[in-house]
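Peer 1:
There are 2 protein chains.
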Amino acid sequence: MKVSSRGEYALRALLVLGQQQGKVCPINEIAKQTLVTVKYLEQILLQLRKLGYVHSKRGIQGGYMLRLSPTDINIGEVIRQIEGPLSPMGCASTTAYVPCPLEDKCLLKPLWTVVRDTIARVLEQTTLDDLLNKRITTGIGGESFVKNEN
Amino acid sequence: MKVSSRGEYALRALLVLGQQQGKVCPINEIAKQTLVTVKYLEQILLQLRKLGYVHSKRGIQGGYMLRLSPTDINIGEVIRQIEGPLSPMGCASTTAYVPCPLEDKCLLKPLWTVVRDTIARVLEQTTLDDLLNKRITTGIGGESFVKNEN
DNA sequence: TTAATCTCGACTAAAACGGTAGGGATTTTC
DNA sequence: GAAAATCCCTACCGTTTTAGTCGAGATTAA
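Chains as they are written, first to last, in the UniProt record's numbering: chain A, 1 to 150; chain B, 1 to 150.
#1: Taking CB distances under 7 Å as the criterion, tell me whether E143/A reaches chain B.
#2: Would you list the residues sitting across from V54/B in a DSSP beta bridge?
#3: Is the beta carbon of G63/A closer than 7 Å to that of P26/A?
#4: Counting only Cβ-Cβ distances shorter than 8 Å, please list the residues of the region 123-135 of chain A near chain B, keeping chain order.
#5: Looking at the strands, I want to know which residues DSSP matches up with N74/A.
#6: At which residue ranges does the region 76-128 of chain B contain complete alpha helix (DSSP H) runs of 4 or more residues, listed in the order of the chain?
#7: Shorter than 7 Å from the beta carbon of K105/B to some beta carbon of chain A?
#8: If I measure Cβ to Cβ from L45/A and keep anything under 8 Å in the same chain, skipping five residues before and after, which residues do I get?
#9: Below 8 Å on C-beta distance, what does V98/A contact in chain B?
#10: Using only the alpha-carbon positions, how far apart do L15/A and T71/A sit?
#11: Go to residue 151/B, then tell me how far its alpha helix (DSSP H) extends in each direction, as first and last residue.
#12: On the three-state DSSP scale, how would you describe S5/A?
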């Protein structure tokens with residue numbers, strides 16, 4: 001049930017850019033704050049740019065900046081685009097369904113469906129802005145369970 | 001966030017044995033019902049035996065049977081033992097914590113913690129017996145949200 | 001013009017995944 | 001005591017994924 005380092009790093013980079021409040025940030029600064037090598041970050045930021053999350057500017061004084069408002073960046077969506085489907089199993093995926101020969105008789109599918117739903121509920125209700133402000137909810141009920149340590 | 005085929009197959013095998021109500025079941029019968037090759041199943045059942053979930057009997061009329069009652073087989077535990085930690089990230093794992101250089105400053109850890117908790121809540125509240133009887137809850141509240149299709 | 005910066009594609013080493021293969025040990029049945 | 005069914009165990013293997021590295025090029029500001 002792992003998230004890859006690439007996904008983690010992408011989110012770290014977005015968080016750094018979110019904290020710069022609109023200023024361009026050169027990649028070596030992002031690298032310093034995320035503890036990721038410049039070369040690997042290059043790949044990831046390139047992908048984030050192609051996905052439309054960040055804008056880049058070349059040359060001296062160049063760098064990256066968010067293209068979207070942090071409130072418009074959905075963490076579930078980012079993870080899905082970097083890592084693939086949130087579902088633990090193809091048979092339970094809404095965005096990348098893969099049929100299974102057992103299917104109806106399968107006693108596991110309902111389980112995977114619930115797992116997928118709970119993961120998606122958390123991730124899709126969280127925005128980059130929420131992370132920046134340490135507002136993380138479980139997504140259950142209409143309530144406001146807030147996980148806020150420190 | 002995937003579950004490996006090995007984990008899925010292990011659960012399928014346990015379900016088949018759970019349906020046999022105590023009778024020994026030869027591996028080729030399990031293979032037929034799970035749609036897994038005999039040779040691969042051998043490996044998986046060997047592992048399940050060493051973990052204490054199944055008992056095996058050799059020779060003619062041999063096969064496998066559950067060693068524990070389906071109500072005592074915790075799905076979260078099985079997955080953890082077959083696949084490793086439920087947490088999407090080492091920094092949020094309760095059973096296999098891995099320190100992270102960012103740690104306190106990290107805005108992502110609270111997210112991974114919530115994700116881990118919600119996954120664990122579902123899987124650890126589900127037993128093999130629940131699966132056999134199509135009782136799957138989200139684990140939220142004390143309530144009885146039951147996912148029961150058909 | 002130069003130096004900082006992003007762009008892009010190729011490459012690679014290591015690990016994980018998803019099995020396959022084969023020989024050995026045990027048990028029942030005849 | 002021989003044969004057949006069955007589990008036991010270790011080794012191996014091809015493919016994919018992961019986690020990067022490398023190098024050359026394009027753009028831009030000063």
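We put the beta carbon where it would ideally sit given N, CA and C, even for glycine.
Peer 2: In short, the structure shows the following:
#1: Its pLDDT being 45, under 50, E143/A is placed unreliably by the model, and the measurement read from it follows with that caveat. For E143/A, not one C-beta of chain B is nearer than 7 Å to its own C-beta.
#2: The partner list for V54/B (beta bridge, DSSP) reads L66/B.
#3: Yes; because the gap between Cβ atoms is below 7 Å, this pair is in contact.
#4: The residues in question are L123, T126, L131, L132 and K134.
#5: According to DSSP, N74/A bridges with T127/A.
#6: As far as the region 76-128 of chain B is concerned, its whole alpha helix (DSSP H) runs of at least 4 residues are 109-124.
#7: No, K105/B lies away from the interface with chain A (no Cβ there is under 7 Å from its Cβ).
#8: Cβ contact annotation for L45/A (same chain, cutoff 8 Å, sequence separation greater than five): A13, I27, I30, V54, S56 and Y64, in chain order.
#9: Contacts between V98/A and chain B, judged by CB atoms closer than 8 Å, are missing: the closest CB pair is about 11 Å apart.
#10: Computed Cα separation, rounded: 12 Å.
#11: Lying before the first or after the last residue shown, residue 151/B is absent from chain B, which here runs from 1 to 150.
#12: Helix.
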